[in-house]
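Novice: To start, I am sharing the structure in question, which I have written as structure tokens.
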Amino acid sequence: MPDMSASASLAMTHFVTLAKEVDENKVTPGVLGFIVFAAMALAVWALMKSMSKHMNKVDFKESPDDASGKNTAESPSGKASPAKG
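The opening residue of the sequence shown carries number 1391 in my numbering; numbering runs sequentially from there.
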């Protein structure tokens, strides 16, 4: 990397020395990993709570089957019309 500035080169040398001090068999995710995991868990909890609220608003009533086994939906006039599907 020939176009590196002096400060970037100095930062890289400090980073490399810090990386050598870390035990390769004892690396952990640390605080940043915990924060990311906690944020994802909080987002999933909020999505599940929202989904539950929206699902409770759904008013689904299944129409009964007629003798032929096909679903029919009654129109407001009382006449049966074939179900779509």
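Glycine included, C-beta positions come from ideal geometry on N, C-alpha and C.
Just so it is clear, the structure is predicted and the values come from calculations on it, not from any experiment.
Are there 16 or more other CB atoms within 10 angstroms of the CB of GLY1475, so buried, or fewer, so exposed?
Specialist: Working through the sequence shown from its first residue, we reach residue 1475 at position 85. Note on GLY1475: pLDDT 48, under 50, position unreliable in the model; the coordinate value appears next. So GLY1475 ends up on the exposed side.
Novice: Alpha carbon to alpha carbon, what distance is there between MET1438 and HIS1444?
Specialist: Start at 1 with the first residue of the sequence shown, and residue 1444 comes out as number 54. Start at 1 with the first residue of the sequence shown, and residue 1438 comes out as number 48. Going by the C-alpha atoms only, they are around 10 Å apart.
Novice: Grab the span of the alpha helix (DSSP H) containing SER1442 for me, first residue to last.
Specialist: Locating residue 1442 in the sequence shown gives position 52, where the first residue counts as 1. Looking at the DSSP string, the run of the alpha helix (DSSP H) that includes SER1442 is 1420-1447.
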